[in-house]
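In order, the protein sequence lines correspond to chains A and B.
Sequential numbering from 24 applies to the first sequence in my numbering.
Sequential numbering from 24 applies to the second sequence in my numbering.
Protein chains: 2
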Amino acid sequence: MNKKIALYDTTLRDGSQTEGISLSVMDKLRIAQRLDKLGIQYIEGGWPGSNPKDMEFFKKIKRKSLKNSAITAFGSTRRPGKSTGKDKNVRTLLESGCKVITIFGKSSVLHVRDILRTSNEENLKMIYDTVKYLKSKGKTVFFDAEHFFDGYFGNPSYALKTLIAAQDAGSDTIILCDTNGGTLTHDLSRVISEIKPNISVPLGIHAHNDNALAVANSLAAVSLGCQHVQGTINGYGERCGNADLCAIIANLKIKMGIDCVSDSKLKELTEVSRFVAEACNMKHQDNQPFVGQSAFAHKGGVHINAVMKNPHSYEHIRPDLVGNKRRVLVSELSGKSTILFKAKEMELDLKGKDRKTKKILNLLQDLEHKGYHFEAAQGSFELLVKRALKKYKDFFKLEGYKVIIEKTEEGKVRSEATIKLRVKDKVEYTASKGDGPVNALDRALRKALLDFYPALAKMHLSDFRVRVLDEKAGTAAKVRVLIQSQDAKKSWWTIGVSENIIEASWDALVDSVEYKLLKG
Amino acid sequence: MNKKIALYDTTLRDGSQTEGISLSVMDKLRIAQRLDKLGIQYIEGGWPGSNPKDMEFFKKIKRKSLKNSAITAFGSTRRPGKSTGKDKNVRTLLESGCKVITIFGKSSVLHVRDILRTSNEENLKMIYDTVKYLKSKGKTVFFDAEHFFDGYFGNPSYALKTLIAAQDAGSDTIILCDTNGGTLTHDLSRVISEIKPNISVPLGIHAHNDNALAVANSLAAVSLGCQHVQGTINGYGERCGNADLCAIIANLKIKMGIDCVSDSKLKELTEVSRFVAEACNMKHQDNQPFVGQSAFAHKGGVHINAVMKNPHSYEHIRPDLVGNKRRVLVSELSGKSTILFKAKEMELDLKGKDRKTKKILNLLQDLEHKGYHFEAAQGSFELLVKRALKKYKDFFKLEGYKVIIEKTEEGKVRSEATIKLRVKDKVEYTASKGDGPVNALDRALRKALLDFYPALAKMHLSDFRVRVLDEKAGTAAKVRVLIQSQDAKKSWWTIGVSENIIEASWDALVDSVEYKLLKG
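In structure tokens, the structure reads:
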């Protein structure tokens, strides 16, 4: 196993194929700069021949002075029967101005026949000619052997010939691609072992997650001597995604002792993962290995108890190694020890024998019985504890609200909310329209408070969830509303429960604002 | 490799440890019945000693006649220094009435010392005594060797001794647990190979996904002879989750040729995955291997082109094998065949070339684009098709509604709805209070219609669900409301989508009533 590994990120190209992701040139520039800071060696910027936006990216990224990363351009081999120098796709690759070019070619006879519709011999020439031509222009050339594993299962000698064509033409690295993501780890390992003796240039791996094995396959390839690993941040990519570079980096560094990033860069991993999710406008996955917000969250009573005795007992690594944090969740099942742990986090002096501890526990269990779920709403939980301990005074007092939703004969629906609040001894009346009743309430509340608490301008609501608790009660069912809010530094969840969805939303909204005001 | 594998689901216990999941007894019963239908051999129902709700589940599940699954109860070995027969935890396991009991014990000296705080010798006795005692009561006993791999890395001979204690006491299967989910696949494989010669009873595997290798580790264990695989539907579970049984089942069956479920059951996999997500109120993961809605979705131009030439080119399996579907994004070609299929179900005569088919398709795609999801609302879908084909006239026409929600200074909240309808040339004004705004609308609507359509007295709403579609929009987000209604013969789902939750609920309510009136 080689201890020197090149990391190759394709979030900007393969990652942008994810359903729901659409990156602007500006987004791409921000992501590239963040990956450069993390120390990723190669960042695949895009496919200049397929997407005009990508050329703009290549132009603009040159003006940013990246410190650690080389930007690469991606494209296919020349077309069948054409001259390489005149091939439009190959020309745009040169026009990108990148020093490193990644060329993909077909390693599967099925694809040569059905998709390229050319001969096996011509396909080998296309690979050879394109790599050779780009090398003659002074480029570093990576060859992506597309569908390599599927091709090898169908026709091993031909698949190997495509690699040798790229090697003979001077390819600097040859990447074995499991393009459809369907190869089992032991089959993939066998194939790599079989071809390795025939290839003298460094090998790389490009895995997809269609069978949930992308990370396993990438690590297996490294353990068999592959020196270059392709993937995307958070595993973004078409269908089930590419191999998740976050999990790969953490596993290589912590578990396999491969120094692919420095210790201090590794601590940025969680932040990078969230940054990229934000830039792609994707929800960050709570249960994502290493970097998810639940990755070190403990809920079961037995686990919490054990983690308090020895954190190593239910954690495979120290969360801070990857910049993540341990979290203890509060639930109906949790006991006194959880409350004490949380109080410590809030820097509150609370003892097990304290009457107040018992009081908070009873309050918590009572509310959870009514349908509250504080594990999912740490913001409301903190307010509950601090209210019980009289650690703060309410920032305002509601004297009443009224919400009207009206649908007219023409089918138009309008929502309007009026609020009466007492703030710092003044009575505030405000009203607002909104996109739906909760939005109208939200706007009216902010309008009433903003003059008194300008900090509220710096927070916004980022998620909103509704769960019906006792479905059988039909439209009279109790509902639980969860609201996530965030400012520049952090995010927090708050909760409300009621048979009335408007009232449940109001409670969650009020907690959201109170939490911001409490924390500043 | 053994071709006979037992599937063991722990969605109800380990899965319920997921942050954000909170299952009622009713939810658990529904999930267990669905898993039984899928043909899972063992369903871990819960931990009767740790959670009073679980005992209720064990009581109630007995009244359902499961066809394929055995329900198991989970618990720990007896406490240090106690008599097994008098141990409260062990007693509750017997009280569960389950024929199969899963006992977990510690295989790691770190845990014996720091968490149990007992001697290595006593821990071995605890394992032996508990298994022996339960066997003497005629139970099938599975032994979960908790932290087995971590324990083995620290002290291999002691870890092995814990397995042998369970084996000597008569354990029917011994499950090797990677409790912290941090073991690399090649390390896990090495350990299994090393211990296997010492164990004569069947071995099982229980993997967690903290390093993104849970599925790979489970498959590796099977290929080394483990005959029992534990996991959860959708990989739910504490921290980063357990091994995803959906991916495991599909890989075992399709890729490894292990007949763990029948071909026809395999086709239910996508539906089961979505059903469980819905029951857990979790968003179904779009990119989930095999069963995600993007798992066979093609976006890249090259890929779409190739898939149209030969679907196998960018798909590792045929999507219908697991009950999933190919989706071509940004294509108007998809869907026509579905419409024709559905029309046939409704006994409507519709042809592919029919202009009406095109019209329905456009309408459907437009609405799905806006957030409708007709797969989950067949009632509304049937109304949509029949409306488009002018197969019925609306039973009433809304001229307007108004909903008022008011909170007073004393904290009381009241909801009131007024509705103006035109029914059979009469104008009906009604008003009603309700438990929340939707319930008020519901009551006012029925009041208005009952004299004209007495059949409505025979239907009622049985389920009500709300999902926020674009969470990032905060309180202005679009919401999707699903309502299930039923009468003596059948049940049906209807849907509404709007930025205004009241309006979305109204639309779903109206469809619910119209469907009943249409079907009689």
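C-beta atoms are modelled at their ideal positions from N, C-alpha and C, and glycine is treated no differently.
All of these numbers come straight from a predicted model, not from anything done at the bench.
Grab the span of the alpha helix (DSSP H) containing TRP529/B for me, first residue to last.
TRP529/B -> alpha helix (DSSP H) spans 524-542.
Could you tell me the boundaries of the alpha helix (DSSP H) in which ILE383/B lies?
Element bounds for ILE383/B: 378-392.
Less than 9 Å between CB atoms is the rule here; does HIS134/A satisfy it with respect to chain B?
Chain B contact via Cβ: present.
Please report how far the alpha carbon of LYS276/B lies from the alpha carbon of ASP282/B, in whole angstroms.
Roughly 6 Å between the two C-alpha positions.
By the criterion of Cβ-Cβ separation under 9 Å, what are the contact partners of ASP267/A in chain B?
By Cβ distance, chain B contributes ALA235.
At 3 residues or longer, what runs of the beta strand (DSSP E) sit wholly inside the segment 430-501 of chain B?
Complete beta strand (DSSP E) runs here, min 3: 436-446, 449-457 and 483-491.
Determine, using beta carbons only, whether PHE313/B and ASP233/A come nearer to each other than 9 Å.
Yes, they are a contact pair.
Does any residue of chain A have a CB that is nearer than 9 Å to the CB of SER119/B?
No, its Cβ sits nowhere closer than 9 Å to a Cβ of chain A.
State the CB to CB distance for the pair LEU473/A and ALA467/A, rounded to an integer number of angstroms; the pair is presumed to be in contact (CB under 8 Å).
Not quite, the Cβ-Cβ distance comes to about 11 Å (not below 8 Å), so this is no contact.
Fully enclosed by the segment 26-76 of chain A, which alpha helix (DSSP H) runs are 4 residues long or longer?
Whole alpha helix (DSSP H) segments, 4+ residues: 48-61.
Return the bridge partner residues of VAL123/A from the DSSP annotation.
VAL123/A pairs with THR95/A and THR163/A.
Check whether chain B comes within 9 Å of LYS393/A, counting only Cβ atoms and requiring the distance to be less than that.
No, no contact with chain B.
Roughly how many angstroms lie between the CA atoms of TYR181/A and ARG349/B, to the nearest whole one?
Taking the straight line from one Cα to the other gives about 30 Å.
Measure the C-alpha to C-alpha separation of SER336/A and ARG488/B and round it to an integer number of angstroms.
About 39 Å.
Quick check: the Cα distance between VAL491/A and THR498/A, rounded to an integer number of angstroms?
So the alpha carbons of these two residues sit roughly 9 Å apart.
Could you check whether the Cβ of THR202/A sits closer than 9 Å to any Cβ belonging to chain B?
Interface residue, yes.
According to the Cβ coordinates, are GLU67/A and ARG36/A closer than 9 Å?
It is a contact, given that the beta carbons lie within the stated cut-off.
So that I know if they touch, is there some Cβ in chain B lying closer than 9 Å to that of GLY12/A?
Outside the modelled stretch of chain A, which goes from 24 to 543, sits residue 12/A, for which no answer is possible.
Quick one: measure Cβ to Cβ for LEU268/A and GLY280/A, integer angstroms, because I've assumed they're closer than 8 Å.
Contact doesn't hold; Cβ gap of about 18 Å is too wide.
Tell me the DSSP secondary structure of GLN253/B in three-state form.
The answer is strand: DSSP assigns GLN253/B an E or B state.
Just grab the DSSP bridge partners of ASN265/B for me.
Partner(s): HIS231/B.
Chain B beta carbons: is any one of them nearer than 9 Å to that of ARG490/A?
At least one chain B Cβ lies under 9 Å of ARG490/A.
Can you tell me the Cβ-Cβ gap for GLY423/B and THR431/A, rounded? I've got them flagged as a contact below 8 Å.
Yes, GLY423/B and THR431/A are in contact; Cβ-Cβ is about 5 Å, under 8 Å.
Opposite ILE215/B in the DSSP bridges: which residues?
ILE215/B is not bridged to any residue.
Below 8 Å on the Cβ atoms is my contact criterion, and I expect GLY205/B with HIS339/A to pass it. Report the Cβ-Cβ distance as a whole number of Å.
Sure, about 2 Å apart at Cβ, within 8 Å.
Indicate whether at least one CB of chain B lies closer than 9 Å to the CB of HIS209/A.
So yes, HIS209/A belongs to the interface.
Strictly under 9 Å for the Cβ-Cβ distance: is SER354/B near chain A by that measure?
Model confidence at SER354/B stands at a pLDDT of 36, short of 50, so the residue's coordinates are unreliable; what they give is reported in the following sentence. Chain A, which has no Cβ nearer than 9 Å to the Cβ of SER354/B, makes this no.
If you measure beta-carbon to beta-carbon, which residues of the segment 295-309 of chain A are closer than 9 Å to chain B?
Within the segment 295-309 of chain A, the qualifying residues are ASN304, LYS306, GLN308 and ASP309.
Between which two residues does the alpha helix (DSSP H) carrying THR115/A extend?
Here the alpha helix (DSSP H) through THR115/A covers 111-118.
Following the continuous alpha helix (DSSP H) through GLY402/B, name the residue where it begins and the one where it ends.
Note, GLY402/B: alpha helix (DSSP H), 401-411.
State the start and end residues of the unbroken beta strand (DSSP E) segment that holds ASP201/B.
Counting along the chain, the beta strand (DSSP E) containing ASP201/B begins and ends at 196-201.
Under 8 Å by Cβ, that's how I've got GLU42/A and ASP309/B pegged, so tell me the actual separation to the nearest angstrom.
Indeed they touch by this definition, with Cβ atoms about 6 Å apart.
Compare the C-beta of SER357/B with all C-beta atoms of chain A and state if any pair is closer than 9 Å.
For SER357/B, the predicted structure reports a pLDDT of 43, less than 50, and the residue's modelled location is therefore unreliable. A value from the coordinates is still provided. Closer than 9 Å: no.
Do you know offhand how far ASP50/A's Cα is from ILE28/B's?
Each residue's Cα considered, the two are about 47 Å apart.
Could you check whether SER485/A and SER455/A sit closer than 9 Å to each other, using their CB atoms as the reference points?
Going by C-beta atoms, SER455/A is not nearer than 9 Å to SER485/A.
Find the nearest neighbour of GLU370/B within the set VAL345/B, SER106/B and GLU405/B, judged by alpha-carbon distance.
Ranking the options by Cα distance to GLU370/B, first place goes to GLU405/B.
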